[in-house]
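Colleague: Each residue of the sequence shown is one higher than the one before, counting from 1 in the UniProt record's numbering.
Beta carbons: idealized from backbone N, C-alpha and C, even for Gly.
Nothing here was measured: the structure is a model prediction, and the numbers come from that model.
I am attaching a structure below and will ask some questions about it afterwards.
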Amino acid sequence: MAEHPAYPVGLRLTGRRVVVLGGGQVAQRRLPALIAAGADVLLVSPGATPSVEAMADAGEIRWERRPYADGDLADAWYALIATSDPEANAAASAEAERHRVWCVRSDDADLATAWTPATGHSEGVTVAVLTTDARGRDPRRTAAIRDAVVEGLRDGTLVAPHHRTRTAGVALVGGGPGDPDLITVRGRRLLAEADVVIADRLGPRDLLAELPPHVEVIDAAKIPYGRFMAQEAINNALIEHAKQGKAVVRLKGGDPYVFGRGMEELQALAEAGIPCTVVPGISSSISVPGAAGIPVTHRGVAHEFTVVSGHVAPDDERSLVDWPALARLTGTLVILMGVDKIGKIAETLIAHGRSPDTPVALVQEGTTAAQRRVDATLATVAATVAAEEVRPPAVIVVGEVVHVGPRSAE
Ligand SMILES: C[S@@+](CC[C@H](N)C(=O)[O-])C[C@H]1O[C@@H](n2cnc3c(N)ncnc32)[C@H](O)[C@@H]1O
């Protein structure tokens, strides 16, 4: 049977009976795709892994708790034979042959009438990789080829020009805190498709160096804004480039909607009739403390974390933050844009009840090669920031979580 290559095909299983024999690891790996394909899955097995059991409990599959019996495959369109009993596997395989049911065998690919390819998905395309004969089967190789193709399609390094749907208009992409590996897969793909990238100082600047030469990279801080406010000038630049039919990426640090003015840009684009897609990013408010070994919550220590902007002092009339209320909370306070005003902020927190001994950590340029962590308390933080010359960008963490991890976790 294995002398000829397998004939690849996509089975449309919606509502069709698929019988799975054996509820172990193989079933656990294969069932999600069968469920996603809409198959009417019958599992026959005396036992099952907790994950498989959960699928049965959720009603995603029907589970008959017993060993295989002749006749189980009579109504099946497709079967997966994966019990730990070689005799049952052989008997089920023979039954499948009798009923002309395509069947996969986890114990012997050579005796199977069907093979499961290594599969992956990217933008409406399923990539399925099979080796040409059973003897040459090497699951690690097929998985590696699948990964390479899917990853290439996702990040744009594998370009299929005739099939690629470029995202029209502007993509507001959250680039994460700075480490180029911490952008999302979708963000990276959109970046690879861009004609124009308008980037902030924060975020994964290293990714810009990877862009092909034809891509116009604009530093948002350098857009001339004359009589406009800087943000209006950025909005206008986005609109102008998109109107020229270019694929524009607005690359922002962290997440576009966390102190990122993402919604202002989206609104300006909507008013100009430009389609806009927003790609979330990993916000520095959680990831930067994490990169320095500080969890923003910890069981028994902090059941809440509050993220605030410290760009204006607590006594500034423009401040929208209720600092006295924050001082009464016992959980973690994460302050962004707060380096300049940390003295006033610490004073206010202490004045409204937070202990002066509350631990504080400042994490500067988190997730980048220049990352540095400086520790203090609410009482000492202002002096420490001055003495240690802590500079923005930094995330300031206030609360007992600062002490829960080993400093070596940085
Ligand atoms: C305008 S806010 C943008 C926040 C961003 N949208 C986010 O979700 O992370 C800029 C502030 O984020 C913080 N920040 C961003 N990236 C950082 C990094 N890599 N290290 C430390 N702080 C960072 C700093 O507090 C900085 O002043």
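Report the rounded CA-to-CA distance for R100 versus P50, giving the unit in angstroms.
Modeller: 32 Å
Colleague: On the premise that S287 lies in contact with residue 412, defined as a C-beta separation below 8 Å, what is that separation, rounded to the nearest angstrom?
Modeller: Since the first and last residues shown for the chain are 1 and 410, residue 412 lies out of range.
Colleague: Which whole-angstrom value is the C-beta distance of V395 and G366, which I expect to be below 8 Å?
Modeller: 6 Å
Colleague: DSSP on D40, reduced to helix/strand/coil?
Modeller: strand
Colleague: By a C-beta neighbour count over all protein chains shown, 10 Å radius and 16 as the cutoff for buried, is G124 buried or exposed?
Modeller: So G124 ends up on the exposed side.
Colleague: Can you tell me which of the three DSSP states V9 falls into?
Modeller: coil
Colleague: Compute the Euclidean distance between the alpha carbons of R105 and L182, then round it to the nearest angstrom.
Modeller: 39 Å
Colleague: Please report how far the alpha carbon of H163 lies from the alpha carbon of A37, in whole angstroms.
Modeller: Below a pLDDT of 50, predicted positions are generally treated as unreliable, and H163, at 47, falls in that range; the measurement from the model is reported next regardless. Looking at the two C-alpha atoms, the distance is approximately 23 Å.
Colleague: Taking 7 Å as the cut-off, is the beta-carbon of L266 closer than that to any non-hydrogen atom of ligand 1?
Modeller: no
Colleague: Name the two residues that bound the continuous beta strand (DSSP E) containing T126.
Modeller: V125 to V129
Colleague: Quick one, are the C-beta atoms of L326 and T306 less than 8 Å apart?
Modeller: yes
Colleague: Within its chain, find whatever has a CB closer than 7 Å to the CB of L111; leave out the 5 residues flanking it on each side and keep chain order.
Modeller: S93 and R105
Colleague: Given a cut-off of 8 Å on the beta-carbon distance, is the pair A302 and V381 in contact?
Modeller: no
Colleague: Specify, as a first and last residue, the run of the alpha helix (DSSP H) that K246 falls within.
Modeller: Here K246 belongs to no alpha helix (DSSP H), and DSSP marks it neither H nor E.
Colleague: Return the bridge partner residues of V321 from the DSSP annotation.
Modeller: None, per the DSSP bridge assignment.
Colleague: Looking at the structure shown, is H163 part of a helix, part of a strand, or coil, going by DSSP?
Modeller: Unreliable positioning characterises H163 in this predicted model, as indicated by a pLDDT of 47, which lies under 50. The coordinate reading is nonetheless provided below. Note: H163 maps to coil in three-state DSSP.
Colleague: Just to check, is the beta-carbon of G260 closer than 7 Å to a non-hydrogen atom of ligand 1?
Modeller: Answer for G260: yes, Cβ within range of ligand 1.
Colleague: Would you mind working out which of R318, D316, G338 and L349 sits nearest G331, comparing C-alpha positions?
Modeller: L349
Colleague: Using DSSP with H/G/I as helix, E/B as strand and the rest coil, what is K252?
Modeller: strand
Colleague: Would the beta-carbon of K252 be found less than 7 Å away from any heavy atom of ligand 1?
Modeller: K252: yes, Cβ under 7 Å from ligand 1.
Colleague: Using C-beta distances below 7 Å, list every residue in its chain close to A237, excluding the 5 sequence neighbours before and after it, in chain order.
Modeller: I198, I218 and I223
Colleague: With a CB to CB cut of under 8 Å and the five nearest residues on each side skipped, what residues in its chain are close to G405?
Modeller: Excluding its 5 nearest sequence neighbours in each direction, G405 has C-beta neighbours in its own chain below 8 Å: G293, I294 and P295, listed in chain order.
Colleague: Quick check on the burial criterion: 16 or more other C-beta atoms within 10 angstroms. Buried or exposed for R154?
Modeller: buried
Colleague: Within the segment 334 to 370, note down every full beta strand (DSSP E) run reaching 3 residues or more, in order along the chain.
Modeller: Counting only runs of 3 or more, we get 359 to 364.
Colleague: E193: which of I282, P356, Q231 and G152 sits nearest, CA to CA?
Modeller: G152
Colleague: Hey, which unbroken runs of the alpha helix (DSSP H) at 4 residues or more fall wholly within the segment 259 to 337?
Modeller: 262 to 271, 284 to 291 and 323 to 328
Colleague: Is it true that the CB of I345 sits closer than 8 Å to the CB of P314?
Modeller: yes
Colleague: Let me know the secondary structure DSSP gives T142 once reduced to three states.
Modeller: Helix, per DSSP.
Colleague: Since I believe R146 is in contact with A118 (beta carbons under 8 Å), could you give me their beta-carbon distance rounded to a whole number of angstroms?
Modeller: 4 Å
Colleague: CB-CB under 6 Å to T113, same chain, minus the five flanking residues each way: which ones, in chain order?
Modeller: W102 and C103
Colleague: Give the range of the beta strand (DSSP E) segment to which E64 is assigned.
Modeller: R62 to E64
Colleague: Can you tell me whether R201 is buried or exposed? The criterion is at least 16 other CB atoms within 10 Å of its CB, across all chains shown.
Modeller: exposed
Colleague: In angstroms with no decimal places, state the Cα-to-Cα distance between V312 and E347.
Modeller: 14 Å
Colleague: Out of S84, T116 and A76, point me to the one whose CA is closest to E97's CA.
Modeller: A76
Colleague: Output the distance between the C-alpha atoms of A56 and G15, rounded to the nearest integer angstrom.
Modeller: 17 Å
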